[in-house]
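Visitor: Handing you this structure, nothing more for now.
Chains as they are written, first to last, in my numbering: chain W, 1 to 365; chain Z, 366 to 676.
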């Protein structure tokens, strides 16, 4: 992988085993100064474990961790220049908000007036001034998470670590706090590493997303790049809701042109940008539901007819489940032009927006 | 199971449903068979357990002539506190005739340091086992727990020798050490389970904040674990106060705890059996654990439920 010039956080060949179970395998990642990196993956993919390793809460089996150019592999969490925000907030229940914020500073023996100054600043940024004398039990979920962020803020750290900070909140609050975290990042310009299994959070917040599976980073790229050009079938299927359509078929070359043959349908691939020169064989064709249009008539490189199975209105748009031959296929359309059940509709799309994967390895073709 | 009939909204009459049907909570009868059976059983069992206590209290308030009449259930005709005074301050055990008061103070001098010492050590043990997963922690824990299953009697003689060798045999501090050691398995288990049930992220947050082993223990864990400390105190106070075996083995007559002294008063073979004094002495000895239970009843149940069952 490519190395950055002056990374804020640099993970080199990091491995972690619990006994015989390997959780992280020679993992490498560089995070640039002021970058917002999201570690995204299903549960058990090792994303939280990686975060805990960076924080120093877990001892690594192999490899090195650099923060701000300093090797912190053996350092205590407090000496790494990190602040951490936890999913369950982890506020000290017996202390007021103010004491919660100042705990780390008091432990470090920082003078009182300095503590007061830093708390005032953090409270102002997070707008929790009226809550300072309350106990955590008297706060709402959103307020608690704000205090938890504040606790990282007052420590004046280089790197913020977020461990699924919004997962305990309801949908509305989650959306609100997501925006606040984004604002906070643009205001502070700190390096932030954010763990989540929520793809919306990942897409909206990240400068770059690292999609993880089985302790290995599958793809590390800008959100749009990951969304539009996933490197393998796992990444393609994990991102996007509703999920990408996958059609099993064969890659064929007829008359010098590449086609994707699924049952008796042949999709021309003239507009598709192959990663490298393809070879004929079994493959998977993936296209996102929003890249397919209805009743398109002419102008599409590929059109077909399909039967409507189920219609799911979702408010802003509608999801239509189709049968294309024997394979399930979903299309996302605006709500005005919704077909009825059992209709036969014609669909069209441009294979330029599609993704082709090797059937065996799952890698992008 | 109570309300199978769904209460009907008020305006359903207009669409032809029965307007006068069941609505609101289903009525319950005080004298249902269920209630009679339940409360009847409870009352019978309570009486069964309280009867001996009643006999003790009544007998302790009677004079000897009245006791000799043999009506152990009848209330005293003439209430006298003489037996209580005698039990406390002038009942004889061997050569000493200063009553249970000596044993009481001995028991206090044994219980207080034992409780403090054992809880202080066990809570740190439990905290280390729950949060600082050091190498061999599980083995250590298993060894400690096995200790809880070994009958005390097996260890009496070896401990006698150990105490003799280190010169503490017969002294109060020797007994304090014995009590602290024997309280360790169950208390460590209690504290470990309690600390394990606390959110781990709290511990991690404290570590990121820079607090060390003792910093986290005193500033984060301790203030959050009042209930389990109360439970531990209750367990230890009652356990150590009620102990007879260690008391009789590891102390001398002038340092006997209250229970041993009670036994010596009640079981003395010469002279007349003074049932009223014996009863009063027994109640006096049992008073401390009784008070502890009454004062802390709710906390005790809560703590047991929170700490001991989980994990």
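All C-beta atoms, glycine included, are put in the ideal place defined by N, C-alpha and C.
Between the C-alpha atoms of residue 377/Z and residue 394/Z, what's the straight-line distance to the nearest angstrom?
Guide: Position 12 of the second chain holds residue 377/Z. Position 29 of the second chain holds residue 394/Z. Residue placement at residue 377/Z is poorly supported in this model, since its pLDDT is 48, which falls under 50; the coordinates still yield a value, given next. Distance between the alpha carbons of residue 377/Z and residue 394/Z: 29 Å.
Visitor: Going by beta-carbon coordinates alone, are residue 256/W and residue 300/W separated by less than 8 Å?
Guide: Taking the first chain and counting its residues from 1, one reaches residue 256/W at position 256. Taking the first chain and counting its residues from 1, one reaches residue 300/W at position 300. No, the pair does not count as a contact, with Cβ atoms beyond the cut-off.
Visitor: What residues from the segment 582-593 of chain Z come within 9 Å of chain W, judged by C-beta to C-beta, listed N to C?
Guide: Those residues of the segment 582-593 of chain Z that come within reach of chain W (Cβ to Cβ, closer than 9 Å) are 584, 585, 588 and 589.
Visitor: List, in chain order, every chain W residue whose beta-carbon is nearer than 8 Å to that of residue 574/Z.
Guide: If you number the second chain from 1, residue 574/Z lands on position 209. Going along chain W in sequence order, the residues near residue 574/Z (Cβ under 8 Å) are 78, 103, 104, 107, 151 and 155.
Visitor: Along chain Z, which residues have their Cβ under 8 Å away from the Cβ of residue 83/W?
Guide: One-based indexing of the first chain puts residue 83/W at position 83. Result: 573.
Visitor: I need the DSSP call for residue 345/W, collapsed to helix, strand or coil.
Guide: Residue mapping note: residue 345/W aligns to position 345 of the first chain, counting from 1. The answer is strand: DSSP assigns residue 345/W an E or B state.
Visitor: Below 7 Å on C-beta distance, what does residue 94/W contact in chain Z?
Guide: If you number the first chain from 1, residue 94/W lands on position 94. Neighbours of residue 94/W on chain Z, chain order: 588 and 589.
Visitor: For residue 377/W, would you say it is in contact with chain Z, using Cβ-to-Cβ distances shorter than 8 Å as the test?
Guide: The requested residue 377/W is not part of the displayed model; chain W covers only 1 to 365.
Visitor: Does residue 27/W come out as helix, strand or coil in the three-state DSSP assignment?
Guide: For the purposes of this step, residue 27/W is taken as the residue at position 27 of the first chain. Here residue 27/W sits in strand by DSSP.
Visitor: Just the chain Z side, please: which residues come within less than 8 Å of residue 123/W by C-beta, in chain order?
Guide: Taking the first chain and counting its residues from 1, one reaches residue 123/W at position 123. The contacting residues do not exist; residue 123/W stays about 17 Å from chain Z at best.
Visitor: Which of the three DSSP states, helix, strand or coil, is assigned to residue 244/W?
Guide: Taking the first chain and counting its residues from 1, one reaches residue 244/W at position 244. Residue 244/W: coil per DSSP, three-state reduction.
Visitor: With a cut-off of 8 Å, does the C-beta of residue 562/Z fall near any C-beta of chain W?
Guide: Locating residue 562/Z in the second chain gives position 197, where the first residue counts as 1. So no, residue 562/Z is outside the interface.
Visitor: Within 10 angstroms of its Cβ, does residue 402/Z collect 16 or more other Cβ (buried), or is it exposed?
Guide: Locating residue 402/Z in the second chain gives position 37, counting from the first residue. Classification for residue 402/Z: exposed.
Visitor: Measure the beta-carbon distance from residue 305/W to residue 242/W and round it to whole angstroms, keeping in mind my assumption that it falls under 8 Å.
Guide: In the first chain, the residue the question calls residue 305/W occupies position 305. In the first chain, the residue the question calls residue 242/W occupies position 242. No, residue 305/W and residue 242/W are not in contact; Cβ-Cβ is about 21 Å, not under 8 Å.
Visitor: To the nearest angstrom, report how far apart residue 463/Z and residue 410/Z are at their CA atoms.
Guide: As a first step, residue 463/Z is located in the second chain; it is residue number 98 there, counting from the start. As a first step, residue 410/Z is located in the second chain; it is residue number 45 there, counting from the start. If you take the alpha carbons of residue 463/Z and residue 410/Z, they lie about 38 Å apart.
Visitor: Measure the alpha-carbon distance for residue 183/W versus residue 175/W and round it to whole angstroms.
Guide: Residue numbering aside, residue 183/W sits at position 183 when the first chain is read from its first letter. Residue numbering aside, residue 175/W sits at position 175 when the first chain is read from its first letter. Taking the straight line joining both Cα atoms gives about 13 Å.
Visitor: Do we get a CB-CB distance below 8 Å when we pair residue 580/Z with the residues of chain W?
Guide: Walking along the second chain from the start, residue 580/Z turns up at place 215. Yes - at least one Cβ of chain W is within 8 Å of the one on residue 580/Z.
Visitor: Looking at the structure shown, is residue 394/Z part of a helix, part of a strand, or coil, going by DSSP?
Guide: For this step, residue 394/Z is matched to residue 29 along the second chain. Coil, per DSSP.
Visitor: Considering residue 196/W, what are the terminal residues of the beta strand (DSSP E) in which it resides?
Guide: Position 196 of the first chain holds residue 196/W. Run containing residue 196/W: 191-196, per the beta strand (DSSP E) assignment.
Visitor: Just to confirm my understanding: we take residue 97/W, look at its own chain, exclude 5 residues before and 5 after, and list those with CB closer than 6 Å. What are they?
Guide: Translated into positions along the first chain, residue 97/W becomes position 97. Taken in chain order, the residues that qualify are 131, 132, 134 and 147.
Visitor: Is residue 567/Z close to chain W, meaning its C-beta is less than 8 Å from at least one C-beta of that chain?
Guide: As a position in the second chain, residue 567/Z is number 202, starting the count at 1. Yes - at least one Cβ of chain W is within 8 Å of the one on residue 567/Z.
Visitor: Would you check if the segment 421-436 of chain Z and the segment 616-628 of chain Z touch, i.e. whether three or more CB-CB distances between them fall below 8 Å?
Guide: No, the segment 616-628 of chain Z is not in contact with the segment 421-436 of chain Z.
Visitor: Whole angstroms are fine: how far does the CA of residue 406/Z sit from the CA of residue 415/Z?
Guide: Locating residue 415/Z in the second chain gives position 50, where the first residue counts as 1. Locating residue 406/Z in the second chain gives position 41, where the first residue counts as 1. For residue 415/Z and residue 406/Z, the distance between alpha carbons rounds to 14 Å.
Visitor: Please list the partners that residue 86/W has in chain Z, where partner means a Cβ-to-Cβ separation under 8 Å.
Guide: On the first chain, position 86 is the one that residue 86/W refers to. Within 8 Å Cβ-Cβ: 566, 569 and 570.
Visitor: Given a cut-off of 8 Å on the beta-carbon distance, is the pair residue 77/W and residue 100/W in contact?
Guide: Residue numbering aside, residue 77/W sits at position 77 when the first chain is read from its first letter. Residue numbering aside, residue 100/W sits at position 100 when the first chain is read from its first letter. Not closer than 8 Å, so no.
Visitor: Hey, which unbroken runs of the beta strand (DSSP E) at 3 residues or more fall wholly within the segment 205-239 of chain W?
Guide: Counting whole runs of 3 or more residues, the segment 205-239 of chain W contains the beta strand (DSSP E) stretches 208-213 and 216-221.
Visitor: Using 10 angstroms around the beta-carbon of residue 188/W, count the other beta-carbons present and answer buried if the total reaches 16, otherwise exposed.
Guide: Translated into positions along the first chain, residue 188/W becomes position 188. So residue 188/W counts as exposed.
Visitor: Which residues bound the beta strand (DSSP E) around residue 286/W?
Guide: Within the first chain, residue 286/W is the residue found at index 286, counting from 1. Run containing residue 286/W: 281-287, per the beta strand (DSSP E) assignment.
Visitor: Is residue 228/W near the ligand SAM, judged by its Cβ being under 7 Å from some heavy atom?
Guide: Judged by which ligands are present, the structure shown has none, so any question about the ligand SAM falls away.
Visitor: For residue 90/W, which residues in chain Z fall below 8 Å Cβ to Cβ?
Guide: Position 90 of the first chain, counted from the start, is the residue given in the question as residue 90/W. Within chain Z, the residues near residue 90/W are 564, 566, 567, 569 and 570.
Visitor: What does the alpha-carbon distance come out to for the pair residue 342/W and residue 354/W?
Guide: Residue 342/W sits at position 342 when you count from the first residue of the first chain. Residue 354/W sits at position 354 when you count from the first residue of the first chain. Their Cα atoms are separated by approximately 26 Å.
Visitor: Rounded to whole angstroms, what's the CA-CA distance from residue 575/Z to residue 285/W? Just pull it up for me.
Guide: To locate residue 575/Z, count along the second chain from 1; it is residue 210. To locate residue 285/W, count along the first chain from 1; it is residue 285. Each residue's alpha carbon lies about 51 Å from the other.
Visitor: List the endpoints of the continuous beta strand (DSSP E) containing residue 609/Z.
Guide: Here residue 609/Z refers to the residue found at position 244 of the second chain. No beta strand (DSSP E) contains residue 609/Z, which DSSP labels as neither H nor E.
Visitor: Starting from the Cα of residue 313/W, find the closest Cα among 333/W, 291/W, 322/W and 145/W and give me that residue.
Guide: Numbered from 1 along the first chain, position 313 holds the residue referred to as residue 313/W. The candidate whose alpha carbon is nearest that of residue 313/W is 333/W.
Visitor: Considering only the beta carbon of each residue, do residue 606/Z and residue 654/Z sit closer than 8 Å?
Guide: Start at 1 with the first residue of the second chain, and residue 606/Z comes out as number 241. Start at 1 with the first residue of the second chain, and residue 654/Z comes out as number 289. Yes, Cβ-Cβ distance for residue 606/Z and residue 654/Z is below 8 Å.
Visitor: Does residue 352/W pass the burial test, meaning 16 or more other C-beta atoms within 10 Å, or should it be called exposed?
Guide: Locating residue 352/W in the first chain gives position 352, where the first residue counts as 1. Per the 10 Å Cβ criterion, exposed.
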